[in-house]
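Notes follow the structure.
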Amino acid sequence: MNTGLQLYNTLTRKKELFEPLNAPHVGMYVCGPTVYSDVHLGNCRTFISFDLIFRYLKYSGYKVRYVRNITDAGHLEGDRDEGDDKFAKRAKLEQLEPMEIVQKYTLGFHDVLRMFNTLPPSIEPTATGHIIEQIEMIKEIMNNGYAYESNGTIYFDVEKYSETYNYTILTNRNLEDMLANTRELGGQNEKRGRLDFALWIKAKPETLMRWASPWGEGFPGWHIECSAMSAKYLGAEFDIHGGGMDLAATHHTNEIAQSEACSHKQPAKYWMHTNMLTVNGTRMSKSAGNGFLPEQLFSGDHALLEKGFSPMTVKFFMLQAHYRSTLDFSNEALDASEKGFKRLMNALSLLDKLTPAESSDFEIDPIIDNCVKAMNDDFNSPVVIAELFEASRIINTVYDGKGKISAAELDKLKQLMQDFVYDIFGLKDEETSNIALNSVLDMVIDLRQTAKENKDYATSDKIRLGLQSMGIQLKDSKEGTTWNKA
Ligand code: AMP
Ligand code: ZN
């Protein structure tokens, strides 16, 4: 097992040696998407970064339980316990049931992450599936004296909590300043303190998503779901908790408070935060109106885009930046990533064509060491990419007959590429996957033609409908059958 991994812990504001609580087991919780609308490319950056971390931990020999939730209830606009419920608002707009909205955007989220070739988490729990656990946790927090009821809504008492614990431990802010800077907002009269936040919110007559509780009908606040679900699947204390940087100041700060107020334990040993994807320096977000949908990026169908870029080009572009650096979107940067990714894939396609020699002009061990060292240094993917380009240069040199490589070194080179390009970065060769898809489709269309000639219409229809359900439309004409993606 690789035991030299250093990771940056937001809690201590420094890099620390990764020492799991119960090695080789690792528990990792990452805040998932709020599924009231499509995920944008910024959201994808965060999930791609944690996919890299998940993959590298596995490569390092750990047995990881990776929990990434789906927020499908309790998210109010402004995140300050007032404002409309985002799900209800969207449901009204699209004339759907709130749970139809949840289903639609959860499926869309999965489709997008599949295109980026990310691994599914070990558990993907939903807020609506864990209402009982959230109610139980709120009861415990109240029993411990850290929450109070006000007209059917339960608030967390930040001042009471701060007598024993440090509310700003994650972001190192000054509590007095925060109190002074927090605006007076609606619902304030129900709260004892300005920083208090809702654990359970009383349903209004028009509230669609509502559940029975000891305090009447209502729904959970956003923060409690992650505390309840992380404790359920990973225990009161686990190894890594992650999410985008924008979550640290409120969502994660409140999660720590809730968990400590319930179990008197700081939930995660390491808190990890990914930096933001920006457009012209502004954070990509739904509200700023600068959030591309991944499909727009792939097709080029957006005013800011000069052309489309493939999923793997976009993923490569993201991996070329460290997860804690901001990454600014631009057509030029993506163009450069496209060239770089092609260069890497071209070299990889030559690997199997190299003939080993008796002796070697190249040693691969130093490259492998540098890659491991870079990943052990807080998952430094851009440094790994520079090393992979060095490996590509060796491949091209040998292919061009300008250098030789021994069988042993060639094996190492192949292993290096398999480990870092495919297993850890989760990249794939889009050209060959397209070639494979084309040949499989040609064969299936051929089988359908044979079925039709044999008047076996049940089979030919089954093939057509089956492909249709996968998003592939067949078109018959005198010239034959063609297909396109619906
Ligand atoms: P949301 O669906 O808004 O709750 O966001 C899902 C995840 O995406 C959270 O971890 C956010 O921190 C993260 N996120 C949101 N905007 C960006 C961005 N522009 N760049 C990177 N991550 C983001
Ligand atoms: Zn969360």
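The sequence shown finishes on residue 570 if you use the numbering used here, and the numbering steps up by one all the way, no holes.
Even glycine gets a Cβ: it sits at the ideal position worked out from N, Cα and C.
#1: Whole beta strand (DSSP E) runs in the region 214 to 301 with 3 or more residues, listed along the chain?
#2: So, for GLU514: in the same chain, excluding its five sequence neighbours on each side, which residues have a beta-carbon less than 7 angstroms away from its beta-carbon?
#3: What residues in its chain sit with their C-beta under 8 angstroms from that of ASP330, if we drop five residues either side in the sequence?
#4: What do you reckon, is the C-beta of MET429 under 7 angstroms from a heavy atom of the ligand AMP?
#5: Give me, in chain order, the residues of the same chain whose beta-carbon lies closer than 6 angstroms to that of GLU339; leave out the 5 immediate sequence neighbours on both sides.
#6: With a threshold of 6 angstroms on Cβ separation, who are the neighbours of GLY126 within its own chain once the five nearest residues in sequence on each side are excluded?
#7: Does the separation of the CB atoms of PRO104 and TYR146 fall below 8 angstroms?
#8: Is the beta carbon of SER476 sitting closer than 8 angstroms to the one on ALA535?
#9: In chain order, what residues have a CB nearer than 5 angstroms to some heavy atom of the ligand ZN?
#10: Please identify the residue among ARG427, CYS346, THR566 and ASP122 whose C-alpha is closest to the C-alpha of THR155.
#11: Spatial neighbours of TYR230 within its chain, please: C-beta separation below 7 angstroms, excluding the five flanking residues on both sides.
#12: Give me the Cα-Cα distance between CYS115 and SER443, rounded to the nearest whole angstrom.
#13: Within 10 angstroms of the Cβ of SER433, are there 16 or more other Cβ atoms? Answer buried if so, exposed if not.
#14: Tell me, which residues are paired with ASN106 by DSSP?
#15: Taking the alpha carbon of ASN265 as the reference point, which residue from GLY277, PHE138 and ASN273 has its own alpha carbon closest?
#16: Might you give, ordered along the chain, the residues of its own chain that have their beta carbon closer than 7 angstroms to the beta carbon of PRO440, omitting 5 neighbours on each side?
#17: Look up GLY145 in the DSSP assignment and say whether it is helix, strand or coil.
#18: If I follow the unbroken beta strand (DSSP E) through HIS194, where does it start and stop?
#19: Are the beta-carbon atoms belonging to ASP323 and LYS349 less than 8 angstroms from one another?
#20: I'd like to confirm something about ARG518: is its beta-carbon nearer than 7 angstroms to some heavy atom of the ligand AMP, or not?
#21: Please look up how many angstroms separate the CB atoms of THR210 and ILE132, rounded, as I've assumed it's under 8 angstroms.
#22: Just to confirm, does ASP330 get its C-beta within under 7 angstroms of one of the non-hydrogen atoms of the ligand AMP?
#23: Looking at the secondary structure, which residues open and close the alpha helix (DSSP H) in which GLU422 lies?
#24: Please state the DSSP three-state secondary structure of GLU442.
#25: With H, G and I counted as helix, E and B as strand and the rest as coil, what does DSSP make of SER490?
#26: How about the region 365 to 385 and the region 289 to 299: do they share at least three Cβ pairs that are nearer than 8 angstroms?
#27: Run through the DSSP bridge pairs and tell me what PRO378 is partnered with.
#28: Cα-Cα, which of THR410, MET501, GLN552 and ALA417 is closest to THR130?
#29: Would you give the residue range spanned by the alpha helix (DSSP H) that LYS176 belongs to?
#30: From ASN518 to ASP445, what distance separates their C-alpha atoms?
#31: By how many angstroms is the C-alpha of ALA520 removed from the C-alpha of HIS336?
#32: Looking at VAL151: is its Cβ nearer than 8 angstroms to the Cβ of SER206?
#33: Report the partner residues of HIS357 according to the DSSP bridge assignment.
#34: By how many angstroms is the C-alpha of LYS496 removed from the C-alpha of THR118?
#35: Looking only at its chain, what residues have a beta carbon closer than 7 angstroms to the beta carbon of PHE425, apart from the 5 residues adjacent to it on each side?
Checking against the coordinates, here is how it stands:
#1: 231 to 234, 237 to 240 and 281 to 286
#2: SER394 and MET396
#3: MET360 and ARG367
#4: no
#5: HIS307, CYS310 and SER311
#6: LEU361 and MET368
#7: yes
#8: no
#9: CYS115 and CYS310
#10: ASP122
#11: PHE240, ASP241, LYS244, TYR245 and ALA345
#12: 51 angstroms
#13: exposed
#14: HIS109
#15: GLY277
#16: ILE489, SER490, ALA491 and LEU494
#17: coil
#18: Counting along the chain, HIS194 falls outside any beta strand (DSSP E), though it belongs to the alpha helix (DSSP H) covering 182 to 199.
#19: no
#20: Per the sequence shown, the amino acid found at residue 518 is Asn instead of Arg. False, no ligand heavy atom lies under 7 angstroms from that Cβ.
#21: Contact doesn't hold; Cβ gap of about 22 angstroms is too wide.
#22: yes
#23: 415 to 434
#24: coil
#25: strand
#26: no
#27: Beta-bridge pairing links PRO378 to no other residue.
#28: THR410
#29: 170 to 178
#30: 35 angstroms
#31: 44 angstroms
#32: yes
#33: GLY327
#34: 43 angstroms
#35: MET396, THR397 and PHE400
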